[in-house]
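Take a look at the structure set out below.
There are 6 protein chains.
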Amino acid sequence: MSANTSRPSGRANDQLRTVEIIRNYTKHAEGSVLVKFGDTHVLCTASVEEKVPGFLKGKGQGWVTAEYGMLPRSTGSRMDREAARGKQSGRTQEIQRLIGRSLRAIIDLEKLGERSIQIDCDVIQADGGTRTASITGAYVALQDAISYLMNKELIKESPLKDSVAAISVGVYKGTPVLDLDYIEDSDCDTDMNVVMTGKGGFVEIQGTAEGEPFSHDDMTAMLSLANAGIKELCIKQKQSLGL
Amino acid sequence: MSANTSRPSGRANDQLRTVEIIRNYTKHAEGSVLVKFGDTHVLCTASVEEKVPGFLKGKGQGWVTAEYGMLPRSTGSRMDREAARGKQSGRTQEIQRLIGRSLRAIIDLEKLGERSIQIDCDVIQADGGTRTASITGAYVALQDAISYLMNKELIKESPLKDSVAAISVGVYKGTPVLDLDYIEDSDCDTDMNVVMTGKGGFVEIQGTAEGEPFSHDDMTAMLSLANAGIKELCIKQKQSLGL
Amino acid sequence: MSANTSRPSGRANDQLRTVEIIRNYTKHAEGSVLVKFGDTHVLCTASVEEKVPGFLKGKGQGWVTAEYGMLPRSTGSRMDREAARGKQSGRTQEIQRLIGRSLRAIIDLEKLGERSIQIDCDVIQADGGTRTASITGAYVALQDAISYLMNKELIKESPLKDSVAAISVGVYKGTPVLDLDYIEDSDCDTDMNVVMTGKGGFVEIQGTAEGEPFSHDDMTAMLSLANAGIKELCIKQKQSLGL
Amino acid sequence: MSANTSRPSGRANDQLRTVEIIRNYTKHAEGSVLVKFGDTHVLCTASVEEKVPGFLKGKGQGWVTAEYGMLPRSTGSRMDREAARGKQSGRTQEIQRLIGRSLRAIIDLEKLGERSIQIDCDVIQADGGTRTASITGAYVALQDAISYLMNKELIKESPLKDSVAAISVGVYKGTPVLDLDYIEDSDCDTDMNVVMTGKGGFVEIQGTAEGEPFSHDDMTAMLSLANAGIKELCIKQKQSLGL
Amino acid sequence: MSANTSRPSGRANDQLRTVEIIRNYTKHAEGSVLVKFGDTHVLCTASVEEKVPGFLKGKGQGWVTAEYGMLPRSTGSRMDREAARGKQSGRTQEIQRLIGRSLRAIIDLEKLGERSIQIDCDVIQADGGTRTASITGAYVALQDAISYLMNKELIKESPLKDSVAAISVGVYKGTPVLDLDYIEDSDCDTDMNVVMTGKGGFVEIQGTAEGEPFSHDDMTAMLSLANAGIKELCIKQKQSLGL
Amino acid sequence: MSANTSRPSGRANDQLRTVEIIRNYTKHAEGSVLVKFGDTHVLCTASVEEKVPGFLKGKGQGWVTAEYGMLPRSTGSRMDREAARGKQSGRTQEIQRLIGRSLRAIIDLEKLGERSIQIDCDVIQADGGTRTASITGAYVALQDAISYLMNKELIKESPLKDSVAAISVGVYKGTPVLDLDYIEDSDCDTDMNVVMTGKGGFVEIQGTAEGEPFSHDDMTAMLSLANAGIKELCIKQKQSLGL
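Protein chains in written order, with full-length UniProt numbering: chain A, 1 to 243; chain B, 1 to 243; chain C, 1 to 243; chain D, 1 to 243; chain E, 1 to 243; chain F, 1 to 243.
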């Protein structure tokens, strides 16, 4: 890990925030995980339902989908409650679609059988990187829900083909850095979210130039940081699952 | 405390669940309290905003209002997310109106000045009594928000006239009991929520016969239980606030 | 009845407004009742539908539910039309839930059979107490709808176990009074709605301190007024039904 | 009036239903009229508001607009409540736009001054022709609201240029008839609503072939019936207003 | 054709704008027609769906319905996008109901069989008369969809009983004129939309006095213009269909 | 350009579909461009409005934002109309946010002044790649709107810092290919949308593994194809603008 003084947190450019993954955080859900990326805290629950959406009925396969929300005062200034406004923002929908796709990339929906696993990612406290924390925690909750189904002998073989985790990278004050916190996120030139499997394949890459367009070299550097960061997250996931 | 074997939890009829009040639970809000009534856990935040709703502009007074939500899997089986459905249920609106009225009963809105305090009560885990836990925790968060304003010298004198707390009482299998948990709540004849001030005045009483109508004697017994229970809650609130 | 000059209407503290219950007010509904509590006029209709909501299908029981609305200019200044705004207010939902619960408290839903009775309470003119007038009139409309079903021999035995009526009580200028009109309601310290059965059991009690918290003595006095007032309403209901 | 046995009601082809216009039906509105076209009963209120919609601010003129609703059980089988469904139907919007245009056709909005008159037409009981009854009653309510403004000396000269009334005509079982009731309306070939001023000018004509297209001769006959019918309505309006 | 200098476009009073009907404008729809009435361009598609709405299930008949929309910048100043606002305006609903009724007037729904034809009329560029252009183009798209069904041998006999077309007429600066463009429409005294079948029967007449009420003579003149104009449109429709 | 037989269209792996950019397609908008990527046709309009959204008022800068829609039958089977459903899908919101960000990346909002340019991208016919065609066409419409402002001397210096275009790349049957059409898009392993400036900087990269995760080598190949494809698009844009 290289020395670095330019980040507001004093972290090295390739340094994750402190990551914590707490399982069984609430008692009702089949999977319930509080994931912390520093001051970003997200509660990820996995709920098993013995039915599938209409478009999958009778197709011999299951479904995994996700919803995302932020508590109104998870942020520095209070946001409107989406339930009170009567609709989810474009950002919310974008994030929950991303989480759903990321999880479906590592599960064999036929092996899951005609049932759904509904993932809920609710941000208790936000400090940047809520979507990457959500994906990282949601995988652990999903794994717990699968274990529940296997323990109940509702499925015989795990439908999970791999694990999945996510991290943000960006170009902050001209330098590629790993795992942006809110201060960095608000002031970076480029913000990229990378979702990868435990085996190292890319599931999603979403990079956005907030200020100046970014170059091919920036991208190479960011992908390298992301790759290393996600390897660390996979280890944390395994540890929390006792694997 | 009298012996009792009829309650599923083994509690005495006049026994509260274990109550915990954790301040500063999240970092952004001016008041942030996690309140636990047994397995019912509610995060109550108080957000100060230097503006008032349209109907109060220029009237020389402030406003306190509340919103309430349940995380989709705070309950035994997953509920639809209200933000995704596009509207708050009648139950949600009823509860958040109750919380708001309860808090406004103990604050002098003119002394608050032309600013708002927005209370958010979000249920992390539910096991009955979420509205009474919300009110009890919200008072502590409100107190913290007031302290914040006084520390910042934005107000000179506390606008709080009293404290407020709430508890449920009911008739369960023919016997009046205090602080119903979910199992009791699902199977009781009468369910009553009582909101009282620290000085012992009633702010709200909402009693509903779920099965048989209740008698005047039932009511007298329930009010007596509520009165004692709320006294205990007031002590917990004071302790948590270091008063 | 005690003399009293403090009420704006000149009524005694324990005096109801003039109550009128007019059956068969409109021609289509199975039960159609215009109820008047003084200048508060509510049209209550009961509509029989030979189906039950999804959650009751195949359960061998019926359902009774209620909806409530105010005509936009039933009030002193015009209110927005809820249909045009696109949603019912929290207050509306709270009231219609209360009406539904009150009626379900006196009916045996299994004896009703797999059918629904939908109650609609629409306020034609408002002068305080619209929810208590609604419940009082809705019971008569419900009774008429049951008679319709029995006359048609669709049910053999009446599923009604009791009658139900409601009245408001409050503390107005320091004195407990019965059946608040709009002027009193706007300026009272405490407002309590009480729903009772013909046999004298409590179905709902909803008391709210609008200004100062209320004491145990206030409550005893208010309940006593309510009890006497509801007895009078029961007589009016019976008379209108020719029982 | 010619003899006729083909209409279900036994009315002559050119015969209106019994028309009643009851002013001051409710107490709060500046104009409040219950209009009856036989079994069709509509409450029309006119509410004066001392403001204009945004698009007219500062333009030195007023506004007249209308809203329309049906009580859920005004009809033979209960309709969904639009406030509960969360939106007004296309039919409702079409009718309220028609009522608004009809009234604006006879008022000088500049003479009205920068204020609005909001018309609400709420159908208490329906038996065909609710929109024509609404327009006919709304004019009387509007006249009363104008008188209110003149009595208060808020306007000096009446902005009303004329009166307005409406009637339906149609082709029922091959014969042109006046003022269709619900049975006729459900089974006619053509349905036409005609709105005319007291001076005999056309404000709106809306004719629809429900079954077979209609001919130029049908139309001539229908317009002639409408013309005579509206003359009768104008007399009723004048009588009710004591003009 | 009479000479006329009073129309902004220089057209004669009885002169249509240049009409163009382009079939197969897009490739997916069973019928796809771009219709131009001068600078008003509307894309009309007809989509066959092998199902009927719930209220027609098992009734042995089909359905034809229509939706209408304007691209946000089809107009001189940009309009809000209805999808973003979250609801269709009253005007939109009124127009799409009119288009649907007009097409259902010329089709035998039983012969269509248990399937739906959904018409979409989307205004690419607007210059007045979008609803009449929509109906005129929609008929051609509907004819193409019927041909598709017959070519596929899904139906044996055409369910079309006639053709249908529509045109606007109005009183502009005191003179009855045919096919109003936007400038005329914005400044006319009366605007009337007339829908007729190829055989010359009236399907819909909707006339509105925008300023002064119109007389019986105005109406006679307008209907005569409409009749001639629709005859021309029928010829254009036939030509485009190669009939 | 390499030979290739594996693509359904017979195109080479690095071959764009035929691209056409037609300016001034409709007459009202300040910029109006029909862009065709093969059978994908999108109408992009740019509307100048002399105001900014609330959050920018008085900040001395302008705004560029975008909305996106698909005509219901632009696709193989008809989609629900979003205006009728009452909300925009998550996909629609995601795309319109992407278009807006892409355009804001190349414009100096301060130089634009306190005005907005609203981009509307409406898909007339869809065959894959509607978002990339939208961005590519929207840039040309934006350029035209800027020219309009400069010709009117409302701004002196062009606020455009660069041009922007977008293309999709993917892994289809194991091979990286450029500019996926609908058939390829429905059956590819990976789909990536790349937005670049004329100067060759990245603005957005959004890559999603639809089936198998993709490798670092896949990504390198895809970025190389995108880079070349966007260079071609820039030439097309310049040609259409006569630059």
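Note that beta-carbon positions come from the ideal geometry of N, C-alpha and C, so glycine has one too.
Practice item. Going by CA-CA distance only, name the one from H41/A, R11/A, Q143/A that's closest to D108/A. Key: For the purposes of this step, residue 108/A is taken as the residue at position 108 of the first sequence. Among H41/A, R11/A, Q143/A, the Cα nearest to that of D108/A belongs to Q143/A.
Review point. Would you call the segment 41-58 of chain A and the segment 115-125 of chain A in contact, with 3 or more CB pairs under 8 Å?
Key: yes
Check your understanding: Going by Cα to Cα distance, which pick from A209/B, R91/B, V140/B is closest to L103/C?
Key -> For the purposes of this step, residue 103/C is taken as residue 103 along the third sequence, with counting starting at 1. Taking only the C-alpha atoms, the option nearest L103/C is A209/B.
Exercise for review: List the endpoints of the continuous alpha helix (DSSP H) containing T92/C.
Suggested key: Residue mapping note: residue 92/C aligns to position 92 of the third sequence, counting from 1. From DSSP, the alpha helix (DSSP H) with T92/C extends over 90-104.
Exercise for review: Look up S147/A in the DSSP assignment and say whether it is helix, strand or coil.
Suggested key: Working through the first sequence from its first residue, we reach residue 147/A at position 147. If DSSP states are grouped into helix, strand and coil, S147/A belongs with the helices.
Check your understanding: Which value, in whole angstroms, describes the spacing of the CA atoms of I206/C and V164/A?
Key -> Your numbering for residue 206/C matches position 206 in the third sequence. Your numbering for residue 164/A matches position 164 in the first sequence. One point to set straight first is that residue 206/C is Gln, not Ile, in the sequence displayed. Each residue's Cα considered, the two are about 52 Å apart.
Point to revise | L112/C (DSSP reduced to helix, strand or coil) | key: Numbered from 1 along the third sequence, position 112 holds the residue referred to as residue 112/C. Three-state result, L112/C: helix.
Review point. In chain C, which residues lie with their C-beta within 8 Å of the C-beta of L56/D?
Key: Along the fourth sequence, one-based indexing puts residue 56/D at 56. Within 8 Å Cβ-Cβ: nothing; L56/D doesn't reach chain C, min ~18 Å.
Review point. In chain E, which residues lie with their C-beta within 8 Å of the C-beta of residue 253/D?
Key: Because chain D is modelled from 1 through 243, residue 253/D falls outside the range shown and cannot be assessed.
Exercise for review: Using three-state DSSP, classify G170/D as helix, strand or coil.
Suggested key: Against the fourth sequence, residue 170/D aligns to sequence position 170. Correct three-state label for G170/D: strand.
Check your understanding: Using a beta-carbon distance below 7 Å, is G207/A in contact with chain F?
Key -> Counted from its first residue, the first sequence places residue 207/A at position 207. G207/A counts as touching chain F.
Review point. Does any C-beta atom of chain E lie closer than 7 Å to the C-beta of E204/D?
Key: Position 204 of the fourth sequence holds residue 204/D. At least one chain E Cβ lies under 7 Å of E204/D.
**Study point:** Which of helix, strand or coil DSSP assigns to K231/D
**Key:** By 1-based counting over the fourth sequence, the position of residue 231/D is 231. DSSP places K231/D in helix when its eight states are reduced to three.
Review point. Closest Cβ-Cβ distance between T65/F and chain E: below 7 Å?
Key: Counted from its first residue, the sixth sequence places residue 65/F at position 65. By this cut-off, T65/F is not an interface position.
Point to revise | Straight-line gap, M70/F to L241/B (C-alpha atoms, nearest Å) | key: To locate residue 70/F, count along the sixth sequence from 1; it is residue 70. To locate residue 241/B, count along the second sequence from 1; it is residue 241. Between M70/F and L241/B, the C-alpha separation is close to 57 Å.
Review point. Using CA coordinates, which residue listed in V194/B, I155/B, G129/B is at the minimum distance from R115/B?
Key: By 1-based counting over the second sequence, the position of residue 115/B is 115. It is I155/B whose Cα lies nearest to the Cα of R115/B.
Review point. Is there at least one Cβ from chain A nearer than 7 Å to T71/B's Cβ?
Key: Your numbering for residue 71/B matches position 71 in the second sequence. At residue 71/B the sequence reads Leu, which differs from the Thr that was named. Interface residue, yes.
Exercise for review: Could you tell me if Q118/A is buried or exposed, where buried requires 16 or more neighbouring beta carbons within 10 angstroms of its beta carbon?
Suggested key: Taking the first sequence and counting its residues from 1, the one referred to as residue 118/A is at position 118. Result: buried.
Point to revise | Between the CA atoms of Q93/B and G54/E - distance to the nearest angstrom | key: For the purposes of this step, residue 54/E is taken as residue 54 along the fifth sequence, with counting starting at 1. For the purposes of this step, residue 93/B is taken as residue 93 along the second sequence, with counting starting at 1. Rounded to the nearest angstrom, the two C-alpha atoms are 33 Å apart.
Check your understanding: Which partner residues of K36/F appear in the DSSP bridge assignment?
Key -> The count along the sixth sequence starts at 1 and reaches residue 36/F at position 36. DSSP output for K36/F lists E20/F, H41/F as bridge partner(s).
Review point. Using a Cβ-Cβ cut-off of 7 Å (strictly less than) and excluding sequence neighbours within five positions of C234/C, which residues of its own chain qualify?
Key: Taking the third sequence and counting its residues from 1, the one referred to as residue 234/C is at position 234. Answer for C234/C: S163, A165, G198, listed in chain order.
Point to revise | Distance between beta carbons of M219/D and F202/E, contact taken as under 8 Å | key: Here residue 202/E corresponds to residue number 202 of the fifth sequence, with the count starting at 1. Here residue 219/D corresponds to residue number 219 of the fourth sequence, with the count starting at 1. That pair is a contact at about 7 Å.
Check your understanding: Beta-carbon of M1/C versus every beta-carbon of chain D: anything under 7 Å?
Key -> To locate residue 1/C, count along the third sequence from 1; it is residue 1. Reliability of the predicted coordinates at M1/C is poor, the pLDDT of 42 falling under 50, and the value obtained from them is presented with this limitation in mind. With 7 Å as the cut-off, M1/C does not count as an interface residue toward chain D.
Review point. Secondary structure at M79/C, three-state DSSP: helix, strand or coil?
Key: Residue 79/C sits at position 79 when you count from the first residue of the third sequence. Assignment of M79/C by DSSP, reduced to helix, strand and coil, places it in the coil class.
Check your understanding: Between R81/C and the rest of its own chain, which residues show a CB-CB distance below 8 Å, the 5 nearest in sequence each way excluded?
Key -> Counting from 1 along the third sequence, the entry for residue 81/C is found at position 81. Contacts found: P72.
Check your understanding: Using a beta-carbon distance below 7 Å, is G86/A in contact with chain B?
Key -> Walking along the first sequence from the start, residue 86/A turns up at place 86. Taking Cβ atoms only, chain B reaches closer than 7 Å to G86/A, which makes this a yes.
Practice item. Can you give me the Cβ contacts of A3/C inside the same chain, cut-off strictly under 6 Å, excluding the 5 residues immediately before and after it? Key: Taking the first residue of the third sequence as 1, we reach residue 3/C at position 3. Because A3/C sits at a pLDDT of 47, beneath the cut-off of 50, its placement in the model cannot be relied upon, and the following sentence gives the value as read from the coordinates. For A3/C, where only same-chain residues beyond five positions count, there are no Cβ hits under 6 Å.
Point to revise | In DSSP terms, what M70/A is bridged to | key: For the purposes of this step, residue 70/A is identified with residue 70 of the first sequence, where counting begins at 1. V123/A, per the DSSP bridge assignment.
Review point. Cα-Cα, which of S186/E, L160/E, P159/E, R85/E is closest to V171/E?
Key: Residue numbering aside, residue 171/E sits at position 171 when the fifth sequence is read from its first letter. Considering only alpha carbons, the answer is S186/E.
Check your understanding: Is it right to say G137/D is buried, meaning 16 or more other beta carbons lie within 10 angstroms of its own, or is it exposed?
Key -> Within the fourth sequence, residue 137/D is the residue found at index 137, counting from 1. Answer is buried; the Cβ neighbour count reaches 16.
Check your understanding: Counting only beta-carbon atoms, is C121/C nearer than 7 Å to chain B?
Key -> As a working note, residue 121/C is residue 121 in the third sequence. Chain B contact via Cβ: absent.
Practice item. Could you name the residues of the same chain whose beta carbon sits closer than 6 Å to that of R17/B, not counting the 5 residues immediately before and after it, in chain order? Key: Within the second sequence, residue 17/B is the residue found at index 17, counting from 1. Answer for R17/B: F37, G38, D179, listed in chain order.
**Study point:** Sequence-distant residues of the same chain with beta carbon closer than 7 Å to E157/C, five excluded per side
**Key:** Residue numbering aside, residue 157/C sits at position 157 when the third sequence is read from its first letter. So the qualifying residues of the chain are K111.
**Study point:** For M196/A, the residue or residues it bridges with in DSSP
**Key:** On the first sequence, position 196 is the one that residue 196/A refers to. Partner(s): A165/A, F202/A.
Check your understanding: Applying the criterion that 16 or more other CB atoms from any shown protein chain within 10 Å of the CB defines a buried residue, is N24/E buried or exposed?
Key -> Sequence index remark: in the fifth sequence, residue 24/E carries index 24 (1-based). Flag for N24/E reads exposed.
Review point. Thinking C-alpha only, which one of N227/D, L160/D, S215/D, R91/D is nearest A105/D?
Key: For this step, residue 105/D is matched to residue 105 along the fourth sequence. When each option's Cα is compared against that of A105/D, the closest is L160/D.
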